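Read through the structure below, which is laid out as structure tokens, and then see the notes.
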Amino acid sequence: MSKTGLTEVLLNEKKLYKPSAKVLKHAKVKQWKATIDKANKDPLKFWEEAAEELEWYGRWHDILDDSDAPFFKWFVNGKCNIVHNCLDRHIGTPTENKTAIIWESDSGKRRKLTYKQLYKEVNKLANGLKFLKVRKGDRVAIYLQNIPETAIAMLACAKIGAVHSVVYAGYSANALRERIDDQAAKILITSDVGHRRGKIIDMKWLCDKAISGSPSIQHVIVIRQDGVHVPMKMNRDIFYDALVETQPDVCKTEVMDAEDPLFILYTSGTTAKPKGVVHVHGGYMVGIHRTFEWIFDVKENDIYWCTADPGWITGHSYIVYAPLMSGVTTVMFEGVPDYPKPDRIWRLVDKYKINILYTAPTLIRALMRYGDSWPKKHSLKSLRLLGSVGEPINPEAWRWYHKVIGKSRCPIMDTWWQTETGMIMISPLSSMPLKAGSATLPFPGIQAEVVDKNGKPVPAGKGGYLVIKNPWPSMLRTVFKNPQRYLDTYWKDFPGLYNTDDLAHKDKGGYFWIQGRGDDVLSIAGHRIGNAEIESAIVSHKAAAEAGVIGKPHPVKGESAKAFVILKKGYEPSDKLIDEIKKHIRSELGPIAITDEIEFVDKLPKTRSGKIMRRVLKAWELGQDAGDTSALAD
Ligand code: WTA
Numbered sequence: 000m001s002k003t004g005l006t007e008v009l010l011n012e013k014k015l016y017k018p019s020a021k022v023l024k025h026a027k028v029k030q031w032k033a034t035i036d037k038a039n040k041d042p043l044k045f046w047e048e049a050a051e052e053l054e055w056y057g058r059w060h061d062i063l064d065d066s067d068a069p070f071f072k073w074f075v076n077g078k079c080n081i082v083h084n085c086l087d088r089h090i091g092t093p094t095e096n097k098t099a100i101i102w103e104s105d106s107g108k109r110r111k112l113t114y115k116q117l118y119k120e121v122n123k124l125a126n127g128l129k130f131l132k133v134r135k136g137d138r139v140a141i142y143l144q145n146i147p148e149t150a151i152a153m154l155a156c157a158k159i160g161a162v163h164s165v166v167y168a169g170y171s172a173n174a175l176r177e178r179i180d181d182q183a184a185k186i187l188i189t190s191d192v193g194h195r196r197g198k199i200i201d202m203k204w205l206c207d208k209a210i211s212g213s214p215s216i217q218h219v220i221v222i223r224q225d226g227v228h229v230p231m232k233m234n235r236d237i238f239y240d241a242l243v244e245t246q247p248d249v250c251k252t253e254v255m256d257a258e259d260p261l262f263i264l265y266t267s268g269t270t271a272k273p274k275g276v277v278h279v280h281g282g283y284m285v286g287i288h289r290t291f292e293w294i295f296d297v298k299e300n301d302i303y304w305c306t307a308d309p310g311w312i313t314g315h316s317y318i319v320y321a322p323l324m325s326g327v328t329t330v331m332f333e334g335v336p337d338y339p340k341p342d343r344i345w346r347l348v349d350k351y352k353i354n355i356l357y358t359a360p361t362l363i364r365a366l367m368r369y370g371d372s373w374p375k376k377h378s379l380k381s382l383r384l385l386g387s388v389g390e391p392i393n394p395e396a397w398r399w400y401h402k403v404i405g406k407s408r409c410p411i412m413d414t415w416w417q418t419e420t421g422m423i424m425i426s427p428l429s430s431m432p433l434k435a436g437s438a439t440l441p442f443p444g445i446q447a448e449v450v451d452k453n454g455k456p457v458p459a460g461k462g463g464y465l466v467i468k469n470p471w472p473s474m475l476r477t478v479f480k481n482p483q484r485y486l487d488t489y490w491k492d493f494p495g496l497y498n499t500d501d502l503a504h505k506d507k508g509g510y511f512w513i514q515g516r517g518d519d520v521l522s523i524a525g526h527r528i529g530n531a532e533i534e535s536a537i538v539s540h541k542a543a544a545e546a547g548v549i550g551k552p553h554p555v556k557g558e559s560a561k562a563f564v565i566l567k568k569g570y571e572p573s574d575k576l577i578d579e580i581k582k583h584i585r586s587e588l589g590p591i592a593i594t595d596e597i598e599f600v601d602k603l604p605k606t607r608s609g610k611i612m613r614r615v616l617k618a619w620e621l622g623q624d625a626g627d628t629s630a631l632a633d
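Structural data, given as structure tokens:
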């Protein structure tokens, strides 16, 4: 492991924020200590009870099969479909007339879909997919902005047992191609254009670029967002409206085994190649339903807004699937929260009377910089509970969020989890006392620990590696078509323990403080991107011979990328070349991989085996002690 950051940590932030009587009154879990103790005594029973809150076509005969660990199976032989719980079971109940999705676009366009309308839309597309010969187990790639059709497409796939794979629309055509090829997707669903900050994004054009020569894609389904002219390839491309208009609005929901795959979501790791994280129907629905209900204290008529993008796990679990299972109203917003003005987000909160707001520290810090006058223009009185996800929230941002946005009345759920965990793993429950900047305690039934490099727990206040000790229902099942990578990435470093690849410490009260990722993954504005991914994009530029990429602390984005590049012979450093390489990274990976700084160097610090020591680069850059450099080649 090439990790740094094992530091002694000050036990700061002693102040406890205790829940008010009003918060306690609404809390789903009032006795948090007793609940955690009980769940930890018998986690299987805890998860079985959670599973019983949902509807199944056939009951499991074992809750957990760990005979082939770490390839765990949950709710063995149980029969279900997550879409049955998201939609079918609400039909014929009063929920069918409730608003399922409120959508607003960048430019202020609006749409509302009731549960019944959403159900019908999903059925039509599900039938359309069948018409295009999509069968159970086939992969469907989805490359869309934050629009209702993204949710519709995911649900339609799941309904017929197809496996969806949403690719975040901020990825480039090359990144999309790589993901489509890895899973051999049969269908690609996209739109003519997308919108961001008033700009038009040529989605279809990007898709055409991504799939030219693709051996697997048979059809492209194109949603007409603006109705602009886009080239359509005969016999391959079809407009969404043309496909669904003749389809019936009823469609049988496929009976799935609990362990049948629901989706693949690609995530960054230590190598340049992204990993296809596989999630399944049964355990996933149980895990996200229970965490959503308990952590966010969901009430029947809640209007809930998670500002993530459906292209990330947060969007999958907590914009689409969990809110729909709970029958609440979920808000989807295609724009950015500070456009056209820095109070767009607060305007939306008041306009839609949002009760629960779930967002990311990078956004909180950005909004904080605009000053208090922007949120103060709005009442924000509908807000009851706030959430944070994606990266550590610094105490200063936490306190601002608490005071200026939550008016000191809304508890903040700082939720730690990962694409791989599927559900929130470490988070407060609203009845717990909070500490600004701490994700507090593992969710009931989850046993987390901070360990040293030998896997032994470290004392309070000492930094170490965050691991999970027991399986949980919504855990990833494997890396798509690469079980060995699943074993090597998550289970090799600490036998028997799931390695999160995050660094953390616990304080004396047992609260967890997550410090961030190990050395090989950056978190830029909360988006995970591998250092190796950017390095490999750089060296694919004709002038670059070698590159080392590090993350630097950034006041808003949390982290920003800096690249050190060795040029090939015959190329001279220049500002023009810096610009060119930046553009090249963008075209290889997309705007998500934005690299703020590029510096040309003659040498990079390497181990004797030739591996670039990013840790040393980083220490040099930040003027810190590089620590143990005995592995350096020279
Ligand atoms: C980081 C996002 C600190 C962490 C759900 C993790 C956090 C990675 C928090 C997963 C948090 C997420 N506090 N760090 N509350 N939430 N992280 O897969 O480093 O996009 O490993 O999933 O984000 O990122 P991913």
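For the record, in the sequence shown the residue sitting at position 186 is 185 according to numbering that gives the first Met the number 0, with numbers rising by one throughout.
Don't be surprised by glycine CBs; every beta carbon is placed ideally from N, CA and C.
Every value quoted in this text rests on a predicted model; they were computed, and no experiment measured them.
Could you pull the start and end residues of the alpha helix (DSSP H) that residue i belongs to?
{"i": "W31", "result": "31-40"}
{"i": "L502", "result": "Careful: L502 lies outside any alpha helix (DSSP H), inside the beta strand (DSSP E) at 497-505."}
{"i": "S535", "result": "530-538"}
{"i": "R364", "result": "360-368"}
{"i": "S381", "result": "Element bounds for S381: n/a, residue is neither H nor E."}
{"i": "S325", "result": "321-325"}
Measure the CB-CB distance between residue i and residue j and report whether it falls below 8 Å.
{"i": "H83", "j": "T252", "result": "yes"}
{"i": "S105", "j": "R176", "result": "First, the amino acid is wrong: residue 105 is Asp here, not Ser. Contact: no."}
{"i": "I188", "j": "I141", "result": "yes"}
{"i": "S325", "j": "S586", "result": "no"}
{"i": "I216", "j": "K185", "result": "yes"}
{"i": "V254", "j": "N122", "result": "no"}
{"i": "I523", "j": "A560", "result": "yes"}
{"i": "G421", "j": "H278", "result": "yes"}
{"i": "S430", "j": "W55", "result": "no"}
{"i": "L496", "j": "G515", "result": "no"}
{"i": "S437", "j": "A271", "result": "no"}
{"i": "I35", "j": "P443", "result": "yes"}
{"i": "V457", "j": "N498", "result": "no"}
{"i": "D191", "j": "K208", "result": "no"}
{"i": "D500", "j": "G525", "result": "no"}
{"i": "F291", "j": "Y317", "result": "yes"}
{"i": "H583", "j": "H540", "result": "yes"}
Can you name, in chain order, every residue of its own chain whose Cβ lies under 7 Å from the Cβ of residue i, other than the five neighbours on each side?
{"i": "W59", "result": "F74, V75, N76, G77, A257"}
{"i": "P147", "result": "I100, W102, R110, L112, M331"}
{"i": "A125", "result": "A155, K158, I159, C250"}
{"i": "G310", "result": "V165, V166, Y167, A168"}
Looking only at its chain, what residues have a beta carbon closer than 6 Å to the beta carbon of residue i, apart from the 5 residues adjacent to it on each side?
{"i": "M412", "result": "I294, G386, S426, P427"}
{"i": "I363", "result": "A396, Y400"}
{"i": "K551", "result": "S559, K561"}
{"i": "G314", "result": "A307, D308"}
{"i": "K617", "result": "I549"}
{"i": "L621", "result": "none"}
Taking the beta strand (DSSP E) that residue i falls in, what are its first and last residues?
{"i": "R642", "result": "One cannot answer for residue 642 here, as it falls past the ends of the chain, which runs 0 to 633."}
{"i": "E545", "result": "543-553"}
{"i": "F291", "result": "Note, F291: premise wrong, no beta strand (DSSP E); alpha helix (DSSP H) at 280-294."}
{"i": "V330", "result": "328-332"}
{"i": "V637", "result": "Residue coverage of the chain in this structure runs from 0 to 633, which leaves residue 637 outside it and unanswerable."}
{"i": "D64", "result": "61-64"}
{"i": "K21", "result": "No beta strand (DSSP E) contains K21, which is instead part of the alpha helix (DSSP H) from 20-25."}
{"i": "Y338", "result": "Premise fails: Y338 is in no beta strand (DSSP E) and is neither H nor E."}
{"i": "C305", "result": "302-305"}
{"i": "H228", "result": "Neither: H228 is in no beta strand (DSSP E) and is coded neither H nor E."}
{"i": "L205", "result": "Taken as a continuous stretch (DSSP letters only), L205 belongs to no beta strand (DSSP E), being part of the alpha helix (DSSP H) at 202-210."}
{"i": "D191", "result": "Where D191 is concerned, there is no enclosing beta strand (DSSP E), given that its DSSP letter is neither H nor E."}
{"i": "V28", "result": "From DSSP, V28 is part of no beta strand (DSSP E); its letter is neither H nor E."}
Which residues in the same chain as residue i place their Cβ atom closer than 8 Å to its Cβ, once the five residues preceding and following it in sequence are excluded?
{"i": "E7", "result": "In this predicted model, E7 has a pLDDT of only 43, less than 50, meaning its place in the structure is not dependable; the value taken from the coordinates is given anyway. G460, K461, G462, listed in sequence order."}
{"i": "K14", "result": "K434, A435"}
{"i": "V615", "result": "P604, A625, T628, L631"}
{"i": "A447", "result": "M424, I425, P441, L465, V466, I467, K468, F511"}
Can residue i be considered in contact with the ligand ADP, in the sense that its beta carbon sits closer than 7 Å to one or more heavy atoms?
{"i": "G268", "result": "Among the ligands present in this structure, namely the ligand WTA, the ligand ADP is not found."}
Open item on the list: Ignoring anything shorter than 3 residues, give me the beta strand (DSSP E) runs that lie fully in the segment 399-481, in order along the chain.
Closed with: Runs of the beta strand (DSSP E) inside the segment 399-481: 411-414, 447-450, 463-467.
Task: Any alpha helix (DSSP H) of 4 or more consecutive residues that is wholly inside the segment 565-614 - done: 574-588
Task: Secondary structure, beta strand (DSSP E): runs of 3+ residues fully inside the segment 98-176 - done: 98-103, 109-113, 138-141, 162-165
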